[in-house]
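Asker: To convert, take the position in the sequence shown, counting from 1, and add 841; that gives the numbering used here.
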Amino acid sequence: MKKTVVSETYTRDRETVIQLTRELVKIPSVYRENDPTGNETEVASYVANYLNQIGIETHIEEVVPGRPNVIGIVDSGKPGKTLLFEGHTDVVTAGNREAWKYDPFGAEIVDGRMYGRGTNDTKGNLACMITAVQSILLDKEEFTGKIILCIPCDEEGLMLGIKHFIKQGWADGVDGAIICEPEENQVCIAQRGAIRLQVDIFGKMAHGAISWSGINPNWRLARFIVELEKLEKEEQERYGEDPFLKWPSITPTIIQSPFKGEAQINVIPDHCMLTLDIRTIPAQNHDDLLQKIDSIVDRLKAEDADFRSELTVIDNRPPTLTAKDDPVVQAIYEAVQGVTGKTPIYNGVPGATDGTFLHVHGIPIVTIGAGDREVPHQLNEYVDIEELAETTAIYREAALLFLNRE
């Protein structure tokens, strides 16, 4: 491709991606149960109409009522590989809107930055992936194989959208996936795994002044947490610091005591509850880690006949690692180098993404996109305008490199 064409394409795509990002951000898509004004339906409808208008085969599938996935298919008609781009439609709550400097759904542009919920995570990158494919079509670029645009709901929750996408067979035969999340355009080849546990500990309700007549679950919970802290240190000493993902962690997050009913200072509760947000690195094995936690419980029960508990796995997402020499990673690496003129930076994703489940399905994944890595879910979320343009160009180039290379 001639440099002049690249320059004209870049300028055109820059304007397109800015406008598309603004339109997407202006549509609130914070999921709230039984609230029709805050879900993914409206934004999914907008995206589907947009894809239809630019000539992309489009499918809408309802995952659960009011929560649709959108799938776009661009088939070259020639045999070849299949590349998948993934970017979700949901965003987290804006929180206290009065604390925002700018309207969280206003998509205001100030000093080269666009502000609003989803600008960074990840409507900006959703716009980039759509614009990149639109650009390929506008310029009638030659390529083989197929591009799939996976635009699911519920990434910020239990990832129902991507699970449904896979279950429906859309991920079958995909050779590589680009996960479009805010990573400062670093080439992220690893992701931390996540285990979310609920721990219920049971006792016997009693008067606080007559403690011997009850069984206090809070003492049992405290002992359990102390043992978890020891386990976290053991895991960190055993596996060390991952070069891309830092340290494995076991984090107590929610403690409720009593679990149900009204708390009172002079009443021993009969039931308390703890949630754990456990983050893992590729060197760890989730089954082994869960067995170690079960062993802690068994030991505490052996020491205390009144220790009664239940452990429930709410979610279990393994860590991921894709080799640097995988074709999808190589395509992204070369695209970043070609577009930016700089040596790309390898890194990892501190949390799980929809890509976790694509990885489990056997698809090599790489995560990359516009946006400061530490800005997601914050007040005054933003993305740099020039980074949106750069990311669009990277996605465009990576797609052509991946699909046209044997």
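Just so it is clear, CB atoms sit at the ideal spot from N, CA and C, and this is done for glycine as well.
Do the CB positions of S917 and T857 come within less than 9 angstroms of each other?
Answerer: For the purposes of this step, residue 917 is identified with residue 76 of the sequence shown, where counting begins at 1. For the purposes of this step, residue 857 is identified with residue 16 of the sequence shown, where counting begins at 1. It is not a contact, given that the beta carbons lie outside the stated cut-off.
Asker: Output the distance between the C-alpha atoms of V974 and K981, rounded to the nearest integer angstrom.
Answerer: Counted from its first residue, the sequence shown places residue 974 at position 133. Counted from its first residue, the sequence shown places residue 981 at position 140. If I take the Cα positions, the gap works out to 11 angstroms.
Asker: What residues match up with A1031 in a beta bridge as DSSP calls it?
Answerer: Position 190 of the sequence shown, counted from the start, is the residue given in the question as residue 1031. Answer is L1162 and G1189, bridged to A1031.
Asker: Return the chain-ordered list of same chain residues with a C-beta closer than 6 angstroms to the C-beta of T812, the five sequence neighbours on each side being excluded.
Answerer: Only positions 842 to 1247 of the chain appear in the structure, and residue 812 is not among them; the question remains open.
Asker: Nearest CA to the CA of K1045: which residue from S1054, E996, D1195 and Q1039?
Answerer: Reading the sequence shown from its first residue, position 204 is the one you call residue 1045. The residue with the shortest Cα to Cα distance from K1045 is S1054.
Asker: Quick one: what does DSSP say D980 is sitting in, helix, strand or coil?
Answerer: The sequence position of residue 980 within the sequence shown is 139, counting from 1. In this structure, D980 counts as coil in the three-state DSSP scheme.
Asker: So what does DSSP say about G986, is it helix, strand or coil?
Answerer: For this step, residue 986 is matched to residue 145 along the sequence shown. G986: coil per DSSP, three-state reduction.
Asker: Mind checking whether E1228 and G1212 have CB atoms under 9 angstroms apart?
Answerer: Taking the first residue of the sequence shown as 1, we reach residue 1228 at position 387. Taking the first residue of the sequence shown as 1, we reach residue 1212 at position 371. Yes.
Asker: Following the continuous beta strand (DSSP E) through T1232, name the residue where it begins and the one where it ends.
Answerer: Position 391 of the sequence shown, counted from the first residue, corresponds to residue 1232. Premise fails: T1232 lies in the alpha helix (DSSP H), I1226 to N1245, not in any beta strand (DSSP E).
Asker: Assuming T960 is part of the beta strand (DSSP E), what are its boundary residues?
Answerer: Along the sequence shown, one-based indexing puts residue 960 at 119. Counting along the chain, T960 falls outside any beta strand (DSSP E), and DSSP gives it neither H nor E.
Asker: At a Cβ threshold of 9 angstroms, is V866 touching chain B?
Answerer: Of the protein chains in this structure there is only one, and it is not chain B.
Asker: Near T899, which residues of its chain fall below 6 angstroms by C-beta distance, leaving aside the five closest residues on each side in sequence?
Answerer: Start at 1 with the first residue of the sequence shown, and residue 899 comes out as number 58. Once the five neighbours on either side are set aside, the close Cβ partners of T899 are A889, L892, N893 and G913.
Asker: For the region 1102 to 1115 against the region 1060 to 1078, do three or more pairs of beta-carbon atoms, one drawn from each stretch, fall closer than 8 angstroms, so that the two count as touching?
Answerer: Counting Cβ pairs under 8 angstroms, three or more are found: they touch.
Asker: With DSSP as the reference, label A973 as helix, strand or coil.
Answerer: The count along the sequence shown starts at 1 and reaches residue 973 at position 132. A973 falls in the helix class under three-state DSSP.
Asker: Quick one: Cα of T1092 to Cα of V905, how far?
Answerer: Stepping through the sequence shown from its first residue, residue 1092 is reached at position 251. Stepping through the sequence shown from its first residue, residue 905 is reached at position 64. Their backbone Cα atoms lie some 31 angstroms apart in a straight line.
Asker: Assuming P909 is part of the beta strand (DSSP E), what are its boundary residues?
Answerer: Your numbering for residue 909 matches position 68 in the sequence shown. Start and end: R908 to D916.
Asker: For T1153, is the classification buried or exposed, using 16 other Cβ atoms within 10 angstroms of its Cβ as the cut-off for buried?
Answerer: Looking up residue 1153 in the sequence shown gives position 312. Classification of T1153: exposed, given that the 10 Å Cβ count is below 16.
Asker: Taking the straight line between their C-alpha atoms, what separation do you get for V951 and R863?
Answerer: To locate residue 951, count along the sequence shown from 1; it is residue 110. To locate residue 863, count along the sequence shown from 1; it is residue 22. About 13 angstroms.
Asker: Going by beta-carbon coordinates alone, are I1003 and C991 separated by less than 9 angstroms?
Answerer: Position 162 of the sequence shown, counted from the first residue, corresponds to residue 1003. Position 150 of the sequence shown, counted from the first residue, corresponds to residue 991. Closer than 9 angstroms, so yes.
Asker: Here's the rule I'm using: 16 or more other beta-carbon atoms within 10 Å means buried, otherwise exposed. How should D1166 be labelled?
Answerer: Along the sequence shown, one-based indexing puts residue 1166 at 325. Its Cβ having fewer than 16 others within 10 Å, D1166 is exposed.
Asker: Roughly how many angstroms separate the alpha carbons of I1137 and V1170, rounded to a whole number?
Answerer: Taking the sequence shown and counting its residues from 1, the one referred to as residue 1137 is at position 296. Taking the sequence shown and counting its residues from 1, the one referred to as residue 1170 is at position 329. Those two C-alpha atoms are separated by around 40 angstroms.
Asker: Tell me the DSSP secondary structure of K1248 in three-state form.
Answerer: In the structure as shown, the chain begins at 842 and stops at 1247. Residue 1248 is therefore absent and cannot be evaluated.
Asker: When you compare each of D931, T930 and G959 to D944 by their alpha carbons, which one comes out closest?
Answerer: For this step, residue 944 is matched to residue 103 along the sequence shown. Among D931, T930 and G959, the Cα nearest to that of D944 is on G959.
Asker: Would you decide whether S870 is buried or exposed? Buried here means 16 or more other CB atoms lie within 10 Å of its CB.
Answerer: Locating residue 870 in the sequence shown gives position 29, counting from the first residue. With 16 or more Cβ atoms within 10 Å of its Cβ, S870 is classed as buried.
Asker: Do the CB positions of G1017 and A1172 come within less than 9 angstroms of each other?
Answerer: As a position in the sequence shown, residue 1017 is number 176, starting the count at 1. As a position in the sequence shown, residue 1172 is number 331, starting the count at 1. In this structure, A1172 lies closer than 9 angstroms to G1017 by Cβ.
Asker: Please go through the same chain and pick out, in chain order, the residues whose beta-carbon is closer than 8 angstroms to the beta-carbon of E1028, but skip the five residues on each side of it.
Answerer: Locating residue 1028 in the sequence shown gives position 187, where the first residue counts as 1. This sequence places Val at residue 1028; Glu is not what is there. These residues qualify, in order along the chain: V1170, I1173, Y1174, V1177, P1185, I1186, Y1187, N1188, V1207 and I1209.
Asker: My output table needs one value for A1047: the three-state DSSP class, helix, strand or coil.
Answerer: Locating residue 1047 in the sequence shown gives position 206, counting from the first residue. In this structure, A1047 counts as strand in the three-state DSSP scheme.
Asker: Helix, strand or coil for I1095? Go by DSSP, reduced to three states.
Answerer: For the purposes of this step, residue 1095 is taken as residue 254 along the sequence shown, with counting starting at 1. Strand.
Asker: What is the DSSP secondary structure of A1172, counted as helix, strand or coil?
Answerer: The residue labelled residue 1172 in the question sits at position 331 within the sequence shown. A1172: helix per DSSP, three-state reduction.
Asker: By the 10 Å Cβ neighbour count, where 16 or more other Cβ atoms means buried, how is L1086 classified, buried or exposed?
Answerer: The residue given as residue 1086 occupies position 245 in the sequence shown. Looking at its Cβ environment, which holds 16 or more other Cβ atoms inside 10 Å, L1086 is buried.
Asker: Suppose you measure from the CA of R1079 to the CA of F946; what does that come to, to the nearest Å?
Answerer: In the sequence shown, the residue the question calls residue 1079 occupies position 238. In the sequence shown, the residue the question calls residue 946 occupies position 105. Roughly 45 angstroms separates the two Cα atoms.
Asker: Based on DSSP bridge pairs, tell me the residues matched to C1021.
Answerer: The residue you call residue 1021 lines up with position 180 of the sequence shown. Answer is none; C1021 lacks a bridge partner.
Asker: When burial is assigned at 16 or more other CB atoms within 10 Å of the CB, is H929 buried or exposed?
Answerer: The residue given as residue 929 occupies position 88 in the sequence shown. H929 comes out buried.
Asker: Buried or exposed for G957, going by 16 or more other Cβ atoms inside 10 Å?
Answerer: Numbered from 1 along the sequence shown, position 116 holds the residue referred to as residue 957. Buried: at least 16 other Cβ atoms inside 10 Å.
Asker: Restricting to runs no shorter than 3 residues, where is the beta strand (DSSP E) found entirely within the region 1058 to 1146?
Answerer: Taking only runs of at least 3 residues, the beta strand (DSSP E) segments lying wholly in the region 1058 to 1146 are 1090 to 1097 and 1112 to 1121.
Asker: Helix or strand or just coil, what does DSSP make of Y1223?
Answerer: Here residue 1223 corresponds to residue number 382 of the sequence shown, with the count starting at 1. Here Y1223 sits in strand by DSSP.
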